[in-house]
Structure formats: structure tokens, C-alpha cells
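Top to bottom, those sequences are chains A and B. Counted the way the working numbering counts, the first sequence spans residues 1 to 364. Counted the way the working numbering counts, the second sequence spans residues 365 to 728. From the three backbone atoms N, C-alpha and C, an ideal C-beta is built for every residue, glycine too. From a predicted model like this one, the values you see are computed outputs, not experimental measurements.
Number of protein chains: 2
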Amino acid sequence: LQSARKGQSTTNLKDIVQKKLEMLGEKFCADIDRGSFPAIRMKSRSTSNIFYSQELRQYVLGDATITRSSRNIAHLRPLTQMIWTAYFVHELIKQKKTSTLRDVYYSAQAYDIFFKDQSESDNIITDLETAIGHPRESFNVFPEERSAVFGDLTIEYTVPGYEGRRLNLSSHPDGVMIGPALTDAKFIETSADKVIVIEKGAMFTRFVEEKVYENFNAILIYTAGQAPRSTRYFIRRLNRELGLPIYIFTDADPWGMHIAMVIISGSANAAHLTELTTPDAKWAGVWASDIIDYNLPSDRLNDRDIKRLKELKADPRYGDSHWQRQIDIFMKIKKKCELEAFSRYGLTHIVEKYLPERLKELEA
Amino acid sequence: LQSARKGQSTTNLKDIVQKKLEMLGEKFCADIDRGSFPAIRMKSRSTSNIFYSQELRQYVLGDATITRSSRNIAHLRPLTQMIWTAYFVHELIKQKKTSTLRDVYYSAQAYDIFFKDQSESDNIITDLETAIGHPRESFNVFPEERSAVFGDLTIEYTVPGYEGRRLNLSSHPDGVMIGPALTDAKFIETSADKVIVIEKGAMFTRFVEEKVYENFNAILIYTAGQAPRSTRYFIRRLNRELGLPIYIFTDADPWGMHIAMVIISGSANAAHLTELTTPDAKWAGVWASDIIDYNLPSDRLNDRDIKRLKELKADPRYGDSHWQRQIDIFMKIKKKCELEAFSRYGLTHIVEKYLPERLKELEA
């Protein structure tokens, strides 16, 4: 059994974020004590300052900065909102509670801080992510959507009431949810040597039923479409902390490809964050070429699919030759297909034939 | 601790369904042996044969029947498709595998049975539900979407590889998924005296963090919007087998009301089934009247909301005076609000004030 190498990392992360929030507050107080207007300088998130980094294989912010100062009347409102938000999430961490974007929006009203709508409060939280340099999940603001995991990984909880308790993630064959408790858990031990990420619930259940976790030593993750941010963070941890390779299976269409890509390289609007990507994760299928090679039942690409493929073709994240080739094949055959299409050859075909062939190919 | 009263029921259900499928096959064979055209008679699902039953508090089918006979060339295709589908799901039960609607559509191609699209195969599965009298989950065709549960309930698995293994559903604070394994599990023991069903992930997490399961002896269920059928079946089992009252919390708008109503009284297109409803479950909030009584932050109803409220007003499932009154209040104040709106009074307000007041009111 493999032991987790950096099991302490999340606990440390919370401490670091708490410290950074406190430093932010101390800085404002010091400004006031010195008789100067409180202000904060942070990286600009304007599109002109977003660049694709070949090295990090994700979008990043450039060097342009903006200063938000209480000297400027136009800045007073967002600055005040940001200071309150920093206070609020600091309380969340201290009290070990979690929240959501929607919840933060309403909570502000308890403090007579008003946002005109949720997009205003969401934007301030993104400012705070930029200033602190960590995703909102690290200050306990979690997404509404949830996905699930199944496999031989023993974790240890750090959330109140569960501190020190352990669970093996193969305890429940339908999968356990990836929420705040799992996000902050320590990784203790695993016998797995890979992670298989699956877009569809049907295939996740098929992989559990066909004992992929045992026969392929895999931890299985179900994303339920586009992976929620906390799931992308969890996948990154499995890759970084346990050194496990990540294989992503999606439908063979531009939307499936992009589910894989967002796990691998993130999105442009998270260019201010580097903790949500897993650049070494691999899109393992279903490829456009698989539609031909495995003679899979398919549907015709529609106009929206084709428009999207053209966008992806020009996207720097898709610069690699494998991605480019798959996009070209999609365009040529004008077909797409779903993970379930393998059932055309019987329910177990995908696990007994396709999966081992693909893993062998990718591991080579 | 309370022990489950009818812990064996799901195992028996699978046996019953398997037997019914076999009887269906034997009937076709007997028809052929007798030299007559194989045929099946079943209740008509045409809208003229769908009625609301005050007694069952759900839509049911009337006495009109249809006969599908191989004597009629126009019936040959759907009859053949239905026989194959019955064979396929019988195999699923025998091999203890599960599938989805999408998967059944593709699997047919492995047997040279063709459906022109998924709606055709979905329809045949509904025919089979009608003929057998049990929901498709009972013959292992599960929904793609999943929801979650958390609370003190010990279950015992019956799925392959897990037979006899037990799990307490409070083992994972993010919740465990309600999928095939949980649907077929036996209920062993619980200390809970109620079930609280919640539409939103944020509130589910809040209820876990604020220890509602402990302080209110509740099993918590997260539906993620409209409850998937397997979740409705699971809620019914908690009510019927364990005798637990069910309280449903949704947003205060017509869509939230209807999430509660579908759990309580089902939908018109499941009029052929009686195992998916929980007529004694209660919509516990957020009511239109709560927006006024608790002075909650609200949004204006839009045209779609108002149109929907008018439909619900005329819907026989909403005949009860409490529903009618709430619809009238919505119409009058022209406002809606979300579960998260309680955060306006602090994160714990909903659990510390609203929840106990509402439960007291409903239990009175």
C-alpha cells in the first residue's frame, strides 16, 4: 500500500489562507494608523492581461496591476465590499463553516453590506481570490454542484465532529460525494496506481460494477458533466500528493473534449489561480478516431458542435498535435458519439476491451 | 434504536419482478404453442385514461386497455422491441448488473434490435413498466442523475461483492450517493425519527454542518433540484418501511413547490406506477407566507413563474387548501425567494430558528 506523501498539505493550506487574510486586514489598519487611505494592489484580470503559459499549460495573468484605493470615491464601494468579504470568509475558516457564492450574497445583508445582485458579489470574491492567490474553496466558499468518487483510498477528516475519523472511499459502491469534508481531508493510504475520471453516471456505475477499481487499481471519479471546481481541486491533489496518473473519459464531441481540457488546463476566467489544474492529466477517450477504429454508433455533428470545434481549434490550450488531430477528424467525419455507444457490443465491452487497450496505449 | 420493520422488502421485490418477466415470456411461448399469435394486453396510457385518484393522492390509469398483437403488422415492431427489452432487463436482474435508458438504447444494437431513436426505446420501457406494474428501477434501469443522503441509518448491501456488508449513512459528511447499491440495500437500524429532504446542496451542507441529523434526529436527503426517480423511491421506502415522516424544503417559487409535489404525488406520466410517491410527505417550506412572516429577501415573480402558478392552481394535486392558499399568496405578493435567503439573518438562523418553528407547527 502506498502512503500519502503530503498528507498535511490541506491543513497547512487553510492556515496559510487564514494568515494571508489577516495580513490583508493588518495592512488596511496600518494604512489608517499611518494616516493614509487604505488601498489594495492586485493583478489586473482584464482580458488584455490574460496570457496562455506554455510552461504551466494554463491561462495566467500578466504583470499589469490595478490599485483599489479608498482615496477614489468610485473605489469605495468595491473596496468596502472586499474588506467585508475578507472578514466574512475569515470567520468561515475560523468557525470551520462552509458557504456558497449565493449564500455569501445573502449573508452580506446581515451586515448591512449590499450587493446589487449576485454577479457583483461573485466578482468581489474573484477579486479576493486574486489578492490572496488561492481559490475560493480554500476559504470555504464551495460550489453548489457535487460529484462523486469511489475507490481504495483511505482519507482522514479534518472537519468539526469528524476530526481524526477515517473512511475508505470504497465503502459505498454508489460513490461518496466530493464536498467540503472530502476537499479538506488528508490522504492516508491507497493501493490505487491511477485515477479514472468519467463524465457520465451510467459509465461510473458500469466501471464500479465491473470492478475497474480492483482489476485496474483505479480510483474512479464521476464529474456529472463539467467537473465542479472542488472536484478539479480533488483530482489535482490525487495527482500531486499521491503521484497518480489521471485518465479522463468523456463523450466524443467538442463538449466532452472540453470537460477533459478544463480539468487539465483550467479556464481563462480562472487565470488568476494555479491550484485548479492538472496539466499532466490525459484525455483518454472517447476520441474522434475511436468512432472509426471501434465502429461506434454515432450522431451527426450539428452547427453548434462545428462552431465549437472551430473555436477549440484556435484555442492555445488545444495546441498539442494530438488535440489538433482529433479536432481535424471530428471535422472530417462530422460525427460524434457517446460513452454509452460501446454498449452496442455488449455492456462489458468498454471495460473488457476498450479500457485496457487505451490504458496500454497511453502508458506506453 | 429503531429496527427496520420490513428489511427484506427490496430483495423480495426483485424476485417478484423477475418472476413477472418470466411469466410474460411463458405467456408468449404458450401463445405460440397453442398456435395463436403472441399478444399482450395492458392498461392504456393515453391522456383520456389518466385520472387523479383522491384516495391514492396521485395520478392513476383508468380501466381502458390496449392489446398489442403479432397478428397486426403495425404492432410487430413495438411487440418485438418489448419482448427483447423484457429479455434484456431479465438478464440485468439475473446478472445483477444495472443500466440506464441511454444504455438500453445502444445495447439493443448488440442484438440487432433497432430503435430509431432513444425516445422509441424509452417508450417501450414505459410499456414494460405498465405491463409489469413496477418502475424501471426495479428491473435495474436507473436514472443518470444522482442525489445524496446523510444520517444515522445502517444499511446492508445486496449488490455483488458487497452482499452482507453494512454502512452507516453518517460515515461521510458530504453525503453518499443514492444509486443502484443504496436503492437495493436493506434498512437495518436507525435512531432517526424524521427525514428532511432539501433541494439545494448549500442547505444540505449547512444542515450537516449544524448537526441537524443529531439535534433533530433527522436523515438528510439532497435532491439536487427535481428528485431523480430512484431518490423518490428511496424516500418512499424511508416513509413506508421505517415509518418516518418526510419534510421537504425547497425554494419559495412554483418550481420549488413542484419539486415537493412530485415527491408527494408523482407525475402524470408515471400514472402507471404507484411505487414512486409518498402521499404523506409534507412540503415544509419555504412557503410564500414565509417570505412575509420572516421578512425574507425576495425577487419579483417573472412571467414564466406566474404562468406556472396558474397551471398549478388548476392541477388536481394542488387541491388541498394549504397549497391553494400558498399559490394565492404567491400571486398576491408577486414575490419568490430562495432557501439561502435566510442567511440574511446569519448562517445558522435557518437551523436555529426557522427549522424548529416549522417542525413544531407541522407536528402539531
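Taking C-alpha atoms, which residue in the options lies nearest to residue i?
i: Gly589/B; options: Phe598/B, Val561/B and Ala728/B; result: Val561/B
i: Glu573/B; options: Ser191/A, Lys96/A and Ile125/A; result: Lys96/A
i: Ala512/B; options: Ile178/A, Ile124/A, Gly133/A and Val159/A; result: Ile178/A
i: Phe216/A; options: Ala192/A, Phe204/A and Arg237/A; result: Ala192/A
i: His90/A; options: Ser46/A, Lys19/A and Arg41/A; result: Lys19/A
i: Ile246/A; options: Ala260/A, Pro78/A and Gly256/A; result: Ala260/A
i: Ser412/B; options: Asn504/B, Thr587/B, Ala632/B and Glu702/B; result: Ala632/B
i: His349/A; options: Leu296/A, Lys336/A and Asn140/A; result: Leu296/A
i: Ile477/B; options: Ser343/A, Leu362/A, Glu352/A and Asp293/A; result: Ser343/A
i: Tyr469/B; options: Ile457/B, Lys458/B, Ile693/B and Ile489/B; result: Ile489/B
i: Tyr658/B; options: Leu608/B, Arg681/B and Lys717/B; result: Lys717/B
i: Tyr213/A; options: Ser171/A, Ser298/A and Pro254/A; result: Ser171/A
i: Leu24/A; options: Arg71/A, Asp122/A and Asp127/A; result: Asp127/A
i: Tyr475/B; options: Phe452/B, Arg681/B, Leu377/B and Ser485/B; result: Phe452/B
i: Ser662/B; options: Glu702/B, Gly683/B, His686/B and Arg689/B; result: Glu702/B
i: Leu517/B; options: Asp481/B, Ile437/B, Val715/B and Ala549/B; result: Ala549/B
Looking at residue j and residue i, is the spacing between their C-beta atoms short of 9 Å?
i: Pro143/A; j: Thr100/A; result: yes
i: Phe51/A; j: Gly35/A; result: no
i: His258/A; j: Arg206/A; result: no
i: Ala288/A; j: Ala252/A; result: yes
i: Tyr157/A; j: Leu167/A; result: yes
i: Arg240/A; j: Leu276/A; result: no
i: Gly710/B; j: Ser107/A; result: yes
i: Phe551/B; j: Ile519/B; result: yes
i: Arg41/A; j: Arg68/A; result: yes
i: Glu199/A; j: Thr250/A; result: yes
i: Ile693/B; j: Ile670/B; result: no
i: Pro544/B; j: Thr462/B; result: yes
i: Asp176/A; j: Gly539/B; result: Reading off the sequence, residue 176/A comes out as Val, not Asp. Going by C-beta atoms, Val176/A is nearer than 9 Å to Gly539/B.
i: Leu456/B; j: Asn504/B; result: yes
i: Thr547/B; j: Leu608/B; result: no
Going along chain B, which residues have a C-beta under 7 Å from residue i?
i: Ala202/A; result: Thr464, Arg466, Asp467 and Glu508
With residue i as the anchor, note down where its beta strand (DSSP E) starts and where it stops.
i: Ile113/A; result: No beta strand (DSSP E) contains Ile113/A, which DSSP labels as neither H nor E.
i: Leu456/B; result: Run containing Leu456/B: none in the beta strand (DSSP E); it sits in the alpha helix (DSSP H), Ile437 to Gln459.
i: Gln422/B; result: Gln422 to Leu425
i: Ile155/A; result: Leu153 to Glu156
i: Phe613/B; result: Ile610 to Phe613
i: Phe282/A; result: It should be noted that the sequence gives Lys, not Phe, for residue 282/A. First-last of the beta strand (DSSP E) with Lys282/A: Lys282 to Gly285.
i: Phe139/A; result: First-last for Phe139/A: undefined, no H or E at that position.
i: Arg166/A; result: Arg166 to Asn168
i: Ala582/B; result: Ala582 to Tyr586
Where do the N-terminal and C-terminal ends of the alpha helix (DSSP H) with residue i fall, by residue?
i: Gly620/B; result: Pro618 to Ser629
i: Ser485/B; result: Gln482 to Ile496
i: Lys310/A; result: Asp303 to Ala314
i: Glu361/A; result: Leu355 to Glu363
i: Thr712/B; result: Premise fails: Thr712/B is in no alpha helix (DSSP H) and is neither H nor E.
i: Thr547/B; result: Pro544 to Thr547
i: Ser685/B; result: Ser685 to Ile697
Since residue i meets chain A, which of its residues come closer than 8 Å, beta carbon to beta carbon?
i: Ile542/B; result: Asp174
i: Gly525/B; result: Pro173 and Lys211
Please work out which residues of its chain come closer than 7 Å, Cβ to Cβ, to residue i, disregarding the five sequence neighbours upstream and downstream, and give them in chain order.
i: Ile263/A; result: Val197, Ala227, Arg232, Ile235, Ile248, Thr278 and Ala281
i: Ala634/B; result: Leu640
i: Ile83/A; result: Phe28
i: Gly630/B; result: Gln422, Tyr423, Leu640 and Thr641
i: Ala566/B; result: Glu704
i: His636/B; result: Lys407, Arg409, Leu425, Glu493 and Thr494
i: Leu726/B; result: Tyr611, Lys646 and Ala648
i: Ala728/B; result: none
i: Arg300/A; result: Lys334 and Lys335
Which residues in the same chain as residue i place their Cβ atom closer than 6 Å to its Cβ, once the five residues preceding and following it in sequence are excluded?
i: Lys677/B; result: Ile691
i: Lys370/B; result: For Lys370/B, the predicted model reports a pLDDT of 46, less than 50, meaning its position is unreliable and no value from the coordinates is stated.
i: Leu723/B; result: none
i: Arg601/B; result: none
i: Ser483/B; result: none
i: Asp731/B; result: With chain B covering 365 to 728 only, the question about residue 731/B has no answer from this structure.
For residue i, which residues in chain A fall below 9 Å Cβ to Cβ?
i: Glu520/B; result: Correct list: empty, because the minimum Cβ distance to chain A is about 12 Å.
i: Pro499/B; result: Residues of chain A passing the Cβ test: none, with the nearest at roughly 17 Å.
What does a CB cutoff of less than 8 Å around residue i pick up in its chain, not counting 5 residues either side in sequence?
i: Ile32/A; result: Pro38
Interface residues of chain B around residue i at Cβ under 8 Å?
i: Ala341/A; result: Tyr470
Listing by chain order, which chain A residues have their CB less than 7 Å from the CB of residue i?
i: Glu573/B; result: Lys97 and Thr98
Show which residues of chain B have a CB atom less than 9 Å away from the CB atom of residue i.
i: Ala110/A; result: Ser707, Arg708, Tyr709, Gly710, Leu711 and His713
i: Thr223/A; result: None at all; the shortest Cβ gap to chain B is about 12 Å.
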